[in-house]
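These notes concern the structure reproduced below.
Protein chains in written order, with the numbering used here: chain A, -17 to 157; chain B, 637 to 1009.
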């Protein structure tokens, strides 16, 4: 409902002279969603893993380097989101006078941003949980860091696939 | 529609999504209200579990325990302990005879550590309640038998400080004690105005403790902790059954000792009290307690005491906790560490008592329980 309401308000705004076309607003919304949702996911992910990491470092400061690596893994989704957001902004030529975008194209760009936005948000949270568990491995068996990293990286795969999908989609839309 | 409304709605959209996931990510867990000190409560279990993971590696291994059991003297046992996390405590020890002081201090350290890392003191407090109720029993018994020599038997591992317990017992109105303890004590006092019967103390207090434990369990809906105490109740009830049978008592006697809440219901015990031991073993065969009952009851029949049964009880509960300790976001690992540490302290005590009394190594080994790592 909230989403529908937002679109109605945006439509009104476009017609009442905000200076932007409906297509441009959709496209910007796409860029914002990719950055915001994937970023939020990473925030939750690194926070969960960070709690575990702090626990280990409290007892054993020498493991800082290893657990930091594991904590940082869920941070990549935020970067992927920013990447897609940046590509969209570039496409719109947002820094040098906006390119005109039709309503249909704008909507397509918004939809193209959704894979990395949604998958980024959710995969980062779950990856954070897997990282926290993997930090438990490093806490007990520091020599098994390689195996510990593998588990969160498996979750990463799907964030990368979503990034790929969003990237191809955004690139494939002619503006 | 003006610009303000647009910005307003744009803000709510990510806001709602963010809120939807906050719960999932467990970032805004409500800090618990009842803390004895001003330590900042941990927001979640992830931090505490990670600390426990590191400390688990410092628990004494089976090898080391066996080396200690084989050591020629108490002093040599302490030398082996000095290679472990006990080193600072051992170095402060003036004579091996003061080992008890060292163990008390270690346990107190564990208690403080667990307080510090737990996001939910109410829940982890359940594992310390047995010390409170032990203290209450000792105090009440000495109160009604008139002896004063109870200081050694008291433990400061409980959730309520000993002084508070003492003050609460002596006062007419138990305002200082937690409600459930105060009520139980009041009930005993009232009962004893008619006739003093020290056996009743255990019955009333055990019942009050489990009433409280299962009250908290219902509120918190943590299946691991609920199951743990259910199993504990079942085992305690089985032990009561064996005791009642040994005394040749009937179900009326047993009924007063039984604690509800377990998986084995009262009807099971009503039936079991009149059956021979062999059929008790066979009725339990397909329950989780099958192996324990078979070994424990047979040993009970052979030796006539419940030592082996109690050892099996402890091992069974340890095994249960051990199975759950891999959860990185729950109380399992913390409870596991606590039980492991309690077990380790018991082992060291058995070894030290044995060595100080020149007991042969084989006898000591017999008495050692499985180590938790």
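Every residue gets a Cβ at the ideal spot worked out from N, C-alpha and C, and that includes glycine.
Quantities reported herein were computed from a predicted structural model and do not represent experimental measurements.
Close-in-space but distant-in-sequence residues of the same chain around residue i (CB under 6 angstroms, 5 per side omitted)
i	result
residue 670 of chain B	Confidence at residue 670 of chain B is low in this model, with a pLDDT of 42, below 50, so the placement of that residue should be treated as unreliable; the coordinate-derived value is given next. Here the set comprises nothing.
residue 990 of chain B	1000
residue 929 of chain B	917, 920
residue 1011 of chain B	This structure cannot speak to residue 1011 of chain B, because chain B is shown only from 637 to 1009.
residue 933 of chain B	913, 917
residue 57 of chain A	24, 28
residue 765 of chain B	845
residue 893 of chain B	876
Where residue i sits in the DSSP three-state scheme
i	result
residue 858 of chain B	coil
residue 943 of chain B	helix
residue 994 of chain B	coil
residue 123 of chain A	coil
residue 73 of chain A	helix
residue 743 of chain B	helix
residue 979 of chain B	helix
residue 129 of chain A	helix
residue 756 of chain B	coil
residue 17 of chain A	helix
residue 771 of chain B	helix
residue 48 of chain A	helix
residue 809 of chain B	coil
residue 36 of chain A	helix
residue 708 of chain B	coil
residue 915 of chain B	helix
residue 43 of chain A	helix
residue 660 of chain B	Its pLDDT being 45, under 50, residue 660 of chain B is placed unreliably in this model, and the value from its coordinates should be taken loosely. Helix, per DSSP.
residue 667 of chain B	Only weak support is given to the placement of residue 667 of chain B: the predicted model assigns it a pLDDT of 40, under 50, and the value that follows is read from those uncertain coordinates. Of the three classes helix, strand and coil, the one that applies to residue 667 of chain B here is coil, per DSSP.
residue 1002 of chain B	helix
residue 647 of chain B	With a pLDDT of 48 at residue 647 of chain B, under the threshold of 50, the predicted position of this residue should be treated as unreliable, though the coordinate-derived value follows. Residue 647 of chain B falls in the helix class under three-state DSSP.
residue 722 of chain B	coil
residue 965 of chain B	coil
residue 143 of chain A	helix
Distance between beta carbons of residue j and residue i, contact taken as under 8 angstroms
i	j	result
residue 111 of chain A	residue 119 of chain A	So it is not a contact: roughly 14 angstroms between Cβ atoms.
residue 117 of chain A	residue 34 of chain A	4 angstroms
residue 45 of chain A	residue 134 of chain A	The pair is not a contact, with the Cβ atoms about 16 angstroms apart (cut-off 8 angstroms).
residue 707 of chain B	residue 716 of chain B	6 angstroms
residue 114 of chain A	residue 30 of chain A	5 angstroms
residue 844 of chain B	residue 870 of chain B	Between residue 870 of chain B and residue 844 of chain B the Cβ distance is about 19 angstroms, and since that is not below 8 angstroms, they are no contact.
residue 729 of chain B	residue 738 of chain B	6 angstroms
residue 960 of chain B	residue 860 of chain B	5 angstroms
residue 105 of chain A	residue 148 of chain A	The Cβ separation is near 13 angstroms, so there is no contact.
residue 980 of chain B	residue 691 of chain B	Not confirmed; about 12 angstroms, so no contact.
residue 837 of chain B	residue 824 of chain B	6 angstroms
Interface residues of chain B facing residue i [CB-CB closer than 8 angstroms]
i	result
residue 122 of chain A	689, 690, 692, 693
Sequence-distant residues of its chain with Cβ nearer than 7 angstroms to residue i (five each side left out)
i	result
residue 763 of chain B	971, 974
residue 666 of chain B	Note that residue 666 of chain B scores a pLDDT of 40, beneath 50, so its modelled location is shaky; the value from the coordinates is reported in the next line. No residues qualify anywhere along the chain.
residue 6 of chain A	74, 80, 83, 88
residue 99 of chain A	15, 16, 19, 20, 63
residue 868 of chain B	953
residue 789 of chain B	774
residue 1004 of chain B	701, 705, 983, 986
residue 725 of chain B	738, 741, 742
residue 673 of chain B	With a pLDDT of only 48 at residue 673 of chain B, under 50, the local geometry of the prediction cannot be trusted, and the value read off the model is given with reservation. Result list for residue 673 of chain B: empty, nothing under 7 angstroms.
residue 144 of chain A	97, 98, 101, 102
Where residue i meets chain A, residues with beta-carbon distance less than 7 angstroms
i	result
residue 964 of chain B	34, 114, 115, 118
residue 684 of chain B	37
Closer than 7 angstroms at the beta carbon, the chain B residues around residue i
i	result
residue 40 of chain A	687
Same chain, Cβ closer than 8 angstroms to residue i, neighbours up to 5 away in sequence not counted
i	result
residue 965 of chain B	662, 680, 681, 682, 685
residue 931 of chain B	944, 948
residue 889 of chain B	880, 883
Within chain A, the residues that residue i reaches when beta carbons sit closer than 9 angstroms
i	result
residue 754 of chain B	Within chain A, no residue comes near residue 754 of chain B; the closest Cβ sits about 12 angstroms away, beyond 9 angstroms.
Proximity test, Cβ basis, 8 angstroms: residue i and chain D
i	result
residue 115 of chain A	No chain D appears in the structure shown, which is made up of the protein chains A and B.
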